[in-house]
Ligand code: ATP
Ligand code: MG
């Protein structure tokens, strides 16, 4: 257990209080601290309005000011300070129609999702727990603040968050809360895909993903999420934590029709990795020889190859075939990589320009083909990576 982050932020709470306002740590950091877990980032909640916070600190960034959040820079760290607020009515299952700043902590924690996330703590580690969050943590129960069906009706993301917390904490979802999840699940179709993906990423990477993934399926969550709704999610098993990219790649490989990643609104970098993983998985089952292994080690990022090695059991449970562990394992991969004469096309001793000059032909699509052939010949040791030898090889073989 580390309370270093709280200790670092203590002067901030003290400063706000010295100006006559209230201030507390709240949310995930307090929950994790009370569970003796490491905390990663801290949220501060205060009775001071955003304007008041700006006036009492010298370095501030009004990043989410409309929602009550000011970033305060203090000793090279940025702290999110959010004003106590209540939320107005919800009409669309995703966002309150309006938020109002209030001076009362109770009103602020009342709008939070789960009792374990609604605990406030002051700078002396004194806890204010209006909704018996500590008891629920002790009993390892996920339960909403107030009536579950009302809270999910307001913001359906809380359903997915609940399942995400189950995956991270291995808590039991309280019966009434689970039933409400079941009843309100269809409302997640009103959410933005970005918010869902944030939670799904945490869910699939969490230690206890297996239980909450089965719950996701049982509750038919995927039926209401773009991309997943076109996939046969019942045929997917996730028995151990994996990266979101591998998760999506597994789904893709198992579909007979191409699914559009655009629906997930993820970054190009992520799309690129998912494509590479899917392609790798569809190629690798065929791997029989050392030569193919060399080619695959050359063509793909080692990180991706190791990810497959690590998740052999999971992949096989999803009917994705890997080569025998005798030829496809960490050691053979490292050894193969070490023996490759080049690691990228850039390391090739000839360039396109050299080929143009040597062959005296106008540039064209043939160039890409020849470079690929040369590359493969060098990797397989048919020719050494030396300009004159390569050009001679081209004359004889292409
Ligand atoms: P993590 O450890 O992953 O950061 P967290 O509990 O801190 O988990 P955040 O998404 O960082 O989750 O949100 C901070 C706090 O804001 C939560 O603990 C909860 O009190 C509140 N909160 C976040 N999202 C919602 C929501 N959709 N509805 C109600 N309260 C929410
Ligand atoms: Mg947090």
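Numbering (the UniProt record's numbering), first residue to last: 1 to 398. Using N, Cα and C, we set each Cβ at its ideal position, and we do this for glycine too. Being a predicted model, the structure only gives us computed values, none of them experimental.
Note down, in chain order, each residue of its chain lying with its Cβ closer than 6 Å to the Cβ of residue i, except the 5 sequence neighbours on either side.
i           : result
residue 354 : none
What is the DSSP secondary structure of residue i, reduced to helix, strand or coil?
i           : result
residue 73  : strand
residue 100 : strand
residue 115 : helix
residue 398 : coil
residue 383 : coil
residue 78  : strand
residue 90  : strand
residue 172 : strand
residue 344 : coil
residue 155 : coil
residue 43  : strand
residue 128 : strand
residue 141 : strand
residue 312 : helix
residue 120 : strand
residue 95  : coil
residue 83  : strand
For the beta strand (DSSP E) holding residue i, just list the boundary residues, first then last.
i          : result
residue 62 : 60-64
residue 39 : Element bounds for residue 39: n/a, residue is neither H nor E.
residue 26 : 23-26
Going by other Cβ atoms of all chains shown within 10 Å of its Cβ, with 16 needed for buried, is residue i buried or exposed?
i           : result
residue 4   : exposed
residue 286 : exposed
residue 255 : exposed
residue 140 : exposed
residue 289 : exposed
residue 168 : buried
residue 398 : exposed
residue 125 : exposed
residue 97  : exposed
residue 212 : buried
State the Cα-Cα distance for the pair residue i and residue j, rounded to the nearest angstrom.
i           : j           : result
residue 184 : residue 333 : 47 Å
residue 190 : residue 196 : 11 Å
residue 45  : residue 235 : 44 Å
residue 440 : residue 157 : Residue 440 is absent from the structure shown; the chain starts at 1 and stops at 398.
residue 389 : residue 233 : 52 Å
residue 260 : residue 385 : 40 Å
residue 172 : residue 162 : 10 Å
residue 63  : residue 323 : 50 Å
residue 276 : residue 365 : 23 Å
residue 318 : residue 237 : 6 Å
residue 359 : residue 205 : 52 Å
residue 198 : residue 94  : 15 Å
residue 143 : residue 264 : 29 Å
residue 102 : residue 24  : 15 Å
residue 99  : residue 21  : 20 Å
residue 313 : residue 325 : 11 Å
residue 115 : residue 130 : 9 Å
residue 72  : residue 280 : 45 Å
residue 13  : residue 245 : 39 Å
residue 201 : residue 243 : 7 Å
residue 372 : residue 337 : 18 Å
residue 370 : residue 352 : 9 Å
Cutting at 7 Å between CB atoms, please list the residues of its own chain near residue i, excluding the five before and the five after it.
i           : result
residue 278 : 249, 252 and 253
residue 159 : 152, 181, 184, 185 and 188
residue 321 : 285
residue 349 : 385, 386, 387 and 390
Taking 7 Å as the cut-off, is the beta-carbon of residue i closer than that to any non-hydrogen atom of the ligand FAD?
i          : result
residue 28 : Absent from the structure shown: the ligand FAD. Ligands present: the ligand ATP and the ligand MG.
Provide the residue span of the alpha helix (DSSP H) that contains residue i, from first to last.
i           : result
residue 295 : 290-299
residue 226 : From DSSP, residue 226 is part of no alpha helix (DSSP H); its letter is neither H nor E.
residue 268 : 268-284
Keeping to the same chain, check which residues put their C-beta closer than 8 Å to that of residue i; ignore five residues upstream and five downstream.
i           : result
residue 222 : 216, 228, 229, 231 and 233
residue 304 : 273, 276, 277 and 280
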